[in-house]
Amino acid sequence: YRYLLLYQWKSYQALHGTFIWCQPIIPVWYLFAAVGPVFVLALPSLFLKETYSHAIRRFVVLWALIPSVVHLLGYVGLPTSTVRLSQMFLQIPYALLSALSLEYVFRHKRWRNIAIGGVLLSAGAYALVPSYFTVKDIINPENSYYYSYFTQDASQKVLAFLATTPKDSVVMAGEMLSVMIPSFTDNKVIIGHEGTNPEYGLKKTEVVTFFYGAMPEDEVRALLNRYQVSYIVFGADSMPLDQTYYAEFSFLKVVYNDNGITVAQVVP
């Protein structure tokens, strides 16, 4: 499932332009093809009374059907993306529903051997080839920059400080630290993980330009006002405050400084 979606059909090839709901990047039949034989086996279960006999089984049916239907709707104002929809791991509910279908088939000895043979053949076709290429990718991994390294002491201290700031206050920080802030504090961030952030490309460009240290004062004010920023973290995965001329701005008040990491509060 993951091999077909992520490697063969490149559902991630258009990140920034599609990380808010849009027309599907990949056709809906690709989702079903990626699920593979369990999709076909799951269909008969939808017509079995046993499938709806328990709340958990009805939940599994909803898990299987709702993402597939929503995938066809195009823009409906959901704060997510079709890429996120593709990560619903539809092979799980379809596999569970397949078990109900097979249980019904196995009651009839005539069909049992045919069902077993079909499952083995289709599972082999879908499992062996993707597994080979997945292992190959592990042996020869692609280069990736998306790792976050902070010394434990430094990161814990700045996050502990931010946890004392007012709830829902907006913190502007570099990309890596921004991913961590909502997990340890009650703050909001401008950028973070691209998969949950609409207009991510624009926001990242603005934040990176700011931390590069060359944004004029009037543009800085406009940026901070637009996103209602209350705190800015310098020096974690961005330039230190003292290496920019922002330190001269009267509306930035240093409220934390340790291990080269500075937090400036935006004041009127």
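Each residue of the sequence shown is one higher than the last, beginning at 1 in this note's numbering. Positions of the beta carbon are idealized from the N, C-alpha and C atoms, including for glycine. Remember, predicted model here, so these are calculated numbers, not experimental data.
M337, enclosing alpha helix (DSSP H) - first and last residue: Any property of residue 337 remains undetermined from this structure, which presents the chain solely from 1 to 268.
Cβ-Cβ distance between P37 and S122 below 8 Å: Start at 1 with the first residue of the sequence shown, and residue 37 comes out as number 37. Start at 1 with the first residue of the sequence shown, and residue 122 comes out as number 122. Contact flag set, yes.
Segment contact flag, the stretch 114 to 128 with the stretch 62 to 70, C-beta cutoff 8 Å, min 3 pairs: Contact between the stretch 114 to 128 and the stretch 62 to 70 is absent, because fewer than three Cβ pairs lie under 8 Å.
Test item: CB-CB of A270 and V129 under 8 Å: Given a span of 1 to 268 for the chain in the structure shown, any question on residue 270 remains unanswerable.
Secondary structure of S98, DSSP reduced to three states: The count along the sequence shown starts at 1 and reaches residue 98 at position 98. Reduced to three states, the DSSP call for S98 is helix.
Beta-carbon proximity of M176 to L159, cut-off 8 Å: On the sequence shown, position 176 is the one that residue 176 refers to. On the sequence shown, position 159 is the one that residue 159 refers to. 8 Å or more divides the Cβ of M176 from the Cβ of L159.
6 Å CB neighbourhood of Q265 in its chain, flanking five on each side removed: Along the sequence shown, read from residue 1 onward, the residue named residue 265 stands at position 265. Counting only Cβ-Cβ distances below 6 Å, and skipping sequence neighbours, we find Y231, K253 and V255.
Status (buried if at least 16 other CB within 10 Å, exposed otherwise) for T262: Along the sequence shown, read from residue 1 onward, the residue named residue 262 stands at position 262. Counting Cβ neighbours within 10 Å, T262 comes out buried, since at least 16 surround it.
Minimum length 4: unbroken alpha helix (DSSP H) runs contained in the stretch 189 to 232: 200 to 212 and 217 to 226
Beta strand (DSSP E) segment containing A264, residue limits: By 1-based counting over the sequence shown, the position of residue 264 is 264. Residues I261 to V266.
Nearest residue (CA-CA) to F39, options V233, I56, L97 and R58: Here residue 39 refers to the residue found at position 39 of the sequence shown. Minimum Cα distance to F39 is reached at L97.
Beta-carbon proximity check, S101 vs S169, cutoff 8 Å: For the purposes of this step, residue 101 is taken as the residue at position 101 of the sequence shown. For the purposes of this step, residue 169 is taken as the residue at position 169 of the sequence shown. Their beta carbons are not under 8 Å apart, which means S101 does not touch S169 by this criterion.
Euclidean distance between Cα positions of L223 and V267: Locating residue 223 in the sequence shown gives position 223, where the first residue counts as 1. Locating residue 267 in the sequence shown gives position 267, where the first residue counts as 1. Straight across, the Cα-Cα distance linking L223 with V267 is about 14 Å.
Separation of I191 from A163, as counted between CA atoms: Residue 163 sits at position 163 when you count from the first residue of the sequence shown. Residue 191 sits at position 191 when you count from the first residue of the sequence shown. Roughly 18 Å separates the two Cα atoms.
A55 to T165 span [Cα, whole Å]: If you number the sequence shown from 1, residue 55 lands on position 55. If you number the sequence shown from 1, residue 165 lands on position 165. For A55 and T165, the distance between alpha carbons rounds to 42 Å.
Run of the beta strand (DSSP E) containing L252, from where it starts to where it stops: The residue given as residue 252 occupies position 252 in the sequence shown. L252 to D258 is the span of the beta strand (DSSP E), which, as asked, contains L252.
Coil, strand or helix - F249 by DSSP: The residue given as residue 249 occupies position 249 in the sequence shown. Here F249 sits in coil by DSSP.
Rounded separation between R226 and A95 - CA only: Taking the sequence shown and counting its residues from 1, one reaches residue 226 at position 226. Taking the sequence shown and counting its residues from 1, one reaches residue 95 at position 95. Roughly 47 Å separates the two Cα atoms.
Buried/exposed call for Y126, threshold 16 Cβ in 10 Å: Stepping through the sequence shown from its first residue, residue 126 is reached at position 126. That one is buried.
P182: first and last residue of the uninterrupted alpha helix (DSSP H) it sits in: By 1-based counting over the sequence shown, the position of residue 182 is 182. P182 -> alpha helix (DSSP H) spans E175 to F184.
Limits of the unbroken alpha helix (DSSP H) element including Q41: In the sequence shown, the residue the question calls residue 41 occupies position 41. One detail in the question is off: residue 41 reads as Leu in this sequence, not Gln. Element bounds for L41: P37 to A42.
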